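Numbering (UniProt numbering), first residue to last: 1 to 965.
Beta carbons: idealized from backbone N, C-alpha and C, even for Gly.
This structure is a prediction, so every number in the text was calculated from the model and none was measured.
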Amino acid sequence: MKRKVSIYKSFAVIFVSGFFFYSGEISQLFSKKSDYFGKIVREIKFNGNKNTSDSDISGLLELRTGKLLTKGIIDRDLKALFASGFFYFIDIKAEEMEGGVRVIFELRERPRVKDIEFIGADEVFPADLRDKMPLKDNEVITPQKVTKSRDIILQKYKDEGFFLAYVKVELGKPDPKTNLVKVRFIIDEGEEIPVAKINIYGNETIETSEIIGLMELKEEGLFEGGNFKESSFEKDKEVIQAYLRSKGYLDSELIREGTNWEIHWENAEKKNRRVIIVNIKLYEGQVYYFNGYTVSHDMTTDGDGRPIFLNKENNPPETPKDKLKPLFTIPEIEKSLDYSSKDAGEIFDETVFSRDRATVNELYGSKGHIFAQVIPRRKIVSLDSESLEYYENCASRRTEVEKKSCEEEYKQLNIRKLREIFRDNPELRGRKFVHVDFTIRENNLAQIENVIIKGNKKTQDKVIRRELLFKPGDLFDSSLVNRSRERIFNLGYFKEVNFNMRPGSDDTKMNLVIEVLEQPTGTVSMGGGYGTITGFTIFTEIGENNLNGTGQKVSGRLEFGPYRRSFQISWTEPWMYDTPWSLSLSMFYFSRTIFLGSTSTISISDSTTSPTVENATYDNNGLGVTMGVAHRLGTNWTHFHRYTPAFYSYSNPTALVSDAVLANVRRGWQFRSQVTNGLAYDIRDNVFAPTRGYDLLFQVDNVGQYLGGSSHFDQYRVLAEYYHTWFDFTFGGLIRNNALRRWRVVQEFRTSDTFIFQRSPAGGSHNQDPVQDPYIRPQDLLIIGGYESLRGWYYNDQKYPVEWRDGAQHRILFDTEIRIPIEPSLLWLVVFLDGGALYEQVNRATGTKKDYFESYDKNKADQIAANPIGWYIQNNFNLQNGRKADVTYDELNNPGRLILSSDNVAMDRMRYSWGVGLRVQIPVLPLRIYFAQKLKPTGNFWAPFERYESDNAFQFVFGIGDYRF
1 MKRKVSIYKS FAVIFVSGFF FYSGEISQLF SKKSDYFGKI VREIKFNGNK
51 NTSDSDISGL LELRTGKLLT KGIIDRDLKA LFASGFFYFI DIKAEEMEGG
101 VRVIFELRER PRVKDIEFIG ADEVFPADLR DKMPLKDNEV ITPQKVTKSR
151 DIILQKYKDE GFFLAYVKVE LGKPDPKTNL VKVRFIIDEG EEIPVAKINI
201 YGNETIETSE IIGLMELKEE GLFEGGNFKE SSFEKDKEVI QAYLRSKGYL
251 DSELIREGTN WEIHWENAEK KNRRVIIVNI KLYEGQVYYF NGYTVSHDMT
301 TDGDGRPIFL NKENNPPETP KDKLKPLFTI PEIEKSLDYS SKDAGEIFDE
351 TVFSRDRATV NELYGSKGHI FAQVIPRRKI VSLDSESLEY YENCASRRTE
401 VEKKSCEEEY KQLNIRKLRE IFRDNPELRG RKFVHVDFTI RENNLAQIEN
451 VIIKGNKKTQ DKVIRRELLF KPGDLFDSSL VNRSRERIFN LGYFKEVNFN
501 MRPGSDDTKM NLVIEVLEQP TGTVSMGGGY GTITGFTIFT EIGENNLNGT
551 GQKVSGRLEF GPYRRSFQIS WTEPWMYDTP WSLSLSMFYF SRTIFLGSTS
601 TISISDSTTS PTVENATYDN NGLGVTMGVA HRLGTNWTHF HRYTPAFYSY
651 SNPTALVSDA VLANVRRGWQ FRSQVTNGLA YDIRDNVFAP TRGYDLLFQV
701 DNVGQYLGGS SHFDQYRVLA EYYHTWFDFT FGGLIRNNAL RRWRVVQEFR
751 TSDTFIFQRS PAGGSHNQDP VQDPYIRPQD LLIIGGYESL RGWYYNDQKY
801 PVEWRDGAQH RILFDTEIRI PIEPSLLWLV VFLDGGALYE QVNRATGTKK
851 DYFESYDKNK ADQIAANPIG WYIQNNFNLQ NGRKADVTYD ELNNPGRLIL
901 SSDNVAMDRM RYSWGVGLRV QIPVLPLRIY FAQKLKPTGN FWAPFERYES
951 DNAFQFVFGI GDYRF
């Protein structure tokens, strides 16, 4: 503690000494007094500054080379230097030189912070403390900053419930060379104090349990820690107040004298443990009821008859009074409101009223009228005979003016409706009804004068500014502002993005302040997983999504498993030369084991070993690079273009593979050249966890043909995703807790359709036989099954047609998924339904397969005629286990049912699965864990699916990220 006192004393001495030097006459600061005033300054020199650059100091000064040296300039510059806080001693000297004088500033800098260390901060993140403290790295240390930083740390711990926390500050000695000081905050967090009891007083109608259920604070119990946080206490007071007013208690309030918290000993005699008692004392008052809105524009005019508060763009000065035109008509405004005249007689919900008022402001904000005013005036009508008769007997008014005013009020206040309520609902007699008059002042258009960005330490300003759909000088448009906020958040660099408005230089201008809170953007992850479909896989991945704060992305991934091995590195510049064009470069290698479905069991009679099961498999290998550009069009459109030259080969075939696979193995590495062009539209609110909006994608891949290579086809892909929020955990406002609005139950609807059409090489096919060397290679064909497409099904599932197991040319997929938040920033429970099918082109069948396709019906008829019983058994039973097949052989493999046609794109041609799972949104490792079960279509509208009797087990499916169809 002695050291601490001496440090503060030293700061005080330094501070006083600085002002002592300043208090002397300017003439005493010069070696030759005032002999140099009036001469031209030829050189300015700074001595003693270690951490403040000459240019930064010059920026504080009025003195410049070429100017006359005057006492006034020196006086003002001296004040400016001391006001900067960078220096505790300043001496100004001058000396003669050719053509004028040289001015020398002798400076002594205050120490700066080298780094800040937090010792003992276990329950509070140091990053949260750094953000709020005035003491920052490489900034000047002052006693005031040190004291305020300590107080902020203590308040943070108090907010988190650590009332016994203690903070000690240690300042190291300044480094003689750099004048930097190391600052250490030594923290004793103490213990959290639990809430022993929450007392609610004054509630006559609202149940105590109902109020306690709203609160974030909880009493200590078996399943609740119940630790007290002052921030939660303050928040709970606001929540309770808002809840009471949403129930119609407009006069309700929390009484200050009885609303508090107290620290007590749990046992006053032993004094072994402290607890907190929370007291909430409230006044309910009576319930108010809704009686309708009246909406009008303020048509007040000035002395020349011009409207004061109406928009100017539609109403130039010469506009006649009967031609004045507001931006929105009264019916247009009323249509956007939640409350309507039909709701008269309902309990007045302050939350709905506030939302309606904000809706009108938002409506005008979308047209640039951010300064529009929505002025509410409430009129209270008591539901009793005397009050109603006062408005019903307008004829008894003395003058025509009074009579007309009465008749207008009769209509505005819904007196006829109130009379019906009085007659039909006697229990409401004597109650008070609230009618709200909204007067709208449209005012001037608002111009964005400045855009100010705060909170970005790593990310460059331009990375944020280029996502904005507006610029300084533009008219304010709330829809563009909201979309800009979503775009900045979708970068993934920030935990929070907030837009705030500040007054501008005049009534027509405003400043927009963008406050961001950065989050880590680098990822280093290692992991592994196992699925019954994908096998065991381990991987390591490293990446940075905001390289040096420029927005560039770089990543590398290595994956290894028995069925999948891959390596990929990529780099993306999202804004080339500060234009909305992006450039992507990547290199990849993969080797995947492909299962073709055929199996063979080998048994050795004189051996005790188990029979060996051999599968028809081979390895598909690829090596290539991708170069791509993309360009934003307008607000939500993007077009992209990629070129991918690559080499592919087949290896490690087993004895059961087809001759076509063996032929590809013998060919070795084959060249493949592909150009991709696409167009995308995206209006999702959050690309990481969407809750509303949709995105569309249309993509065309041209492979081979004029590009060369051994594969020749065109591939078309259409993707559509739609997200809808059904409700949040406030259940339509029944629970008044803003935090629960983040807990949204969202349903995703998704479809992806891919179609491949064979093409010919440029210049004909003289050098390539399409039969022996197909234009569409096995690795180019589409598969279905696994995490990426159809959860719960294998890639070579036995319930697929035989043709599907080798891949097909066309694929249709869809799914719907309901996501229920467990913790909206981390964990969701998922219920899903997947569906999909593969389809063939008849012209793909060649050789014996073509003959098989064309003669299938004739061969089937011949088999039935020759051996009807044998055909029936073969068609309806599984010959391996003797059980009745779930699907007949003919229904499964008839080529007429496998080709792409309007008849075959039907529910009974597809495969389905359903299941449950978890989405774990860890930033460095987003995990997807599912249990999926196969389903069979029934054709019954009321019960469209049933389980497969022979295969009804749930399959474990594991995935990383959202890399799905």
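Cβ contact annotation for Pro895 (same chain, cutoff 6 angstroms, sequence separation greater than five): Phe853 and Tyr856, in chain order.
The DSSP assignment places 461-465 and 478-489 as complete runs of the alpha helix (DSSP H) inside the UniProt domain "POTRA" (446-519), in order along the chain (cut-off: 4 residues). Going by DSSP, Val675 is part of no alpha helix (DSSP H) but of the beta strand (DSSP E) stretching over Gln670 to Asp682. In this structure the region 642-659 touches the region 611-625; the number of beta carbon pairs closer than 8 angstroms is three or more.
If you draw a straight line from the Cα of Phe37 to the Cα of Glu467, it comes to about 53 angstroms. Under the 10 Å beta carbon count, Val239 is surrounded by 16 or more other beta carbons and is classified as buried. Under the 10 Å beta carbon count, Ala861 is surrounded by fewer than 16 other beta carbons and is classified as exposed. DSSP lists His631 and Leu679 as the bridge partner or partners of His639. With 16 or more other CB atoms across the displayed protein chains lying within 10 angstroms of its CB, Gly100 is buried.
The criterion of a C-beta distance shorter than 8 angstroms is not satisfied by Tyr293 and Phe433.
As summarised for the region 40-110, the continuous alpha helix (DSSP H) elements at least 4 residues long and confined to that stretch are 54-60 and 71-84, given in chain order. A Cβ-Cβ distance of about 6 angstroms is found for the pair Arg378 and Val436, placing them in contact under the 8 angstroms criterion. A direct Cα-Cα distance of roughly 27 angstroms separates Ser246 from Asn500. Under the three-state reduction of DSSP, Asp862 is assigned to helix. Where Ser246 is concerned, the enclosing alpha helix (DSSP H) starts and stops at Glu230 to Ser246. A buried status is given to Lys367, since no fewer than 16 other beta-carbon atoms sit within 10 Å of its beta-carbon. Boundaries cannot be given for Tyr249, as no alpha helix (DSSP H) includes it and DSSP labels it neither H nor E. Our two residues, Asp753 and Glu449, have alpha carbons roughly 47 angstroms apart in a direct line. Taking a contact as a CB-CB distance under 8 angstroms, the pair Met907 and Gly836 does not count as one, their CB atoms being some 12 angstroms apart. Close CB contacts of Asp356 within its chain, under the 7 angstroms cut and outside five residues either way in sequence, are with Leu337, Asp338 and Tyr339 (chain order). Taking 8 angstroms as the cut-off, the Cβ atoms of Gly202 and Tyr283 count as close. The three-state reading of DSSP puts Glu170 in strand, counting E and B together. When secondary structure is reduced to three states using DSSP, Ile776 falls in the coil class, being assigned neither helix nor strand. Closest in C-alpha terms to Phe567, from the list Asn291, Trp804, Ile187 and Phe590, comes Phe590. Under the DSSP assignment, Tyr201 falls in the beta strand (DSSP E) whose first and last residues are Val195 to Tyr201.
Arg819 and Val746 have their C-alpha atoms roughly 5 angstroms apart. By DSSP's assignment, His264 forms a beta bridge with Val275.
Taking C-alpha positions only, Trp261 is separated from Leu217 by approximately 12 angstroms. Counting every other CB atom within 10 Å of its CB across the protein chains shown gives Pro317 a total below 16, marking it as exposed.
Spanning the alpha carbons of Gln933 and Asn652 requires a straight line of approximately 33 angstroms. As for any alpha helix (DSSP H) of minimum length 4 sitting wholly inside the region 811-836, there is none. Within the DSSP bridge table, the entry for Glu407 names no partner. Boundaries of the beta strand (DSSP E) harbouring Gln699: Gly693 to Val703, taken from the DSSP string. In the DSSP assignment, Asp728 falls within the beta strand (DSSP E) that extends over Phe713 to Asp728.
With respect to the C-alpha of Ser385, the residue from Leu129, Gly959 and Phe422 having the closest C-alpha is Phe422.
For Asp780, the CB contacts under 6 angstroms within the same chain, skipping 5 residues up- and downstream, are Ser711 in chain order.
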